[in-house]
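Here is the structure we will look at, set down as structure tokens.
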Amino acid sequence: MKIMMRPTLACLLLFSVIANSAMADGRAANAQVNPAELLKHYLPESCYQTGLYKQQKSIAGINKLLETEGSFAFACDKGLLWHTAAPLQETLVYQLQGTTHLVRADGSSQKLSGAVQRQLGQMLNHLLGGNSAYLEKTFAIVASDTGIQLTPRKKRMEKFLRHIHITRSSDAVTIRLQHQGDEYTAIRVYELQPLPSLNADQCVQLLATAPVALACAQLLTP
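The opening residue of the sequence shown carries number 727 in our numbering; numbering runs sequentially from there.
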């Protein structure tokens, strides 16, 4: 029996070496893929779109994750409307030129300022728009075992963002923003609906919430 087992063991070891080598070659090939091609595979490309999202955020010192969910509308020539439906209702309007407004459920609006808020708005606009030119300029992009990883090229962005990891399934895209320390924000966007165009009236109808009307008008009215 021992004489028969040795060749079998040798074959298993040889197969293991070949398999590991093939996996390494595959990872190397993935790492050499053009960043624009990687982004095209993982991010939406439609100029106009709506969708739903679920978000989890960890905060230092708090054991429970902060969970929110809602819907969004995106126009590549205007910007991003990010509506939170639960646990509270509010809407962030990330205009493409960098201005950000918070629209509350009662219809009141507040302009938000600060470099972090501006950079976050730009980043979300270009991620959901699949803007490879901006993303390649702003991040080093490599393939990972499960998706792609984007690492900031500039020190000032590293102050609030270590890297972004993006994965995609058949029906959703998950964007995980790793902040400093162990804090992170994970956003799952799904039920993406590409549109031929998007105006303020369509925005209100698609998001189907009355308080969002002002936000739609702020973002999409010429």
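Beta carbons are placed, not taken as given, at the ideal position from N, Cα and C, and that holds for glycine. Since the model is a prediction, treat every value here as computed from it, not as a measurement.
Taking 8 Å as the cut-off, the beta carbon of Gly-833 is found no closer than this to the beta carbon of Gly-847. Contact annotation, Asn-851 with Leu-822: C-beta distance approximately 6 Å; criterion of less than 8 Å satisfied. Under the three-state reduction of DSSP, Gly-805 is assigned to strand.
Under the 8 Å Cβ criterion, the region 890-910 does not count as touching the region 797-806, having fewer than three qualifying pairs. Here the alpha carbon of Gly-855 sits roughly 22 Å from the alpha carbon of Glu-884. CA-CA distance, Tyr-916 to Leu-814, rounds to 20 Å. According to the DSSP assignment, Glu-884 belongs to the alpha helix (DSSP H) that extends over 881-884. Here the alpha carbon of Thr-864 sits roughly 34 Å from the alpha carbon of Ala-831.
The three-state reading of DSSP puts Arg-844 in helix, counting H, G and I together. When secondary structure is reduced to three states using DSSP, His-905 falls in the coil class, being assigned neither helix nor strand. Beta-bridge analysis with DSSP links Arg-894 to Val-899.
If you look at Thr-776, you'll find it in the beta strand (DSSP E) that goes 774-783.
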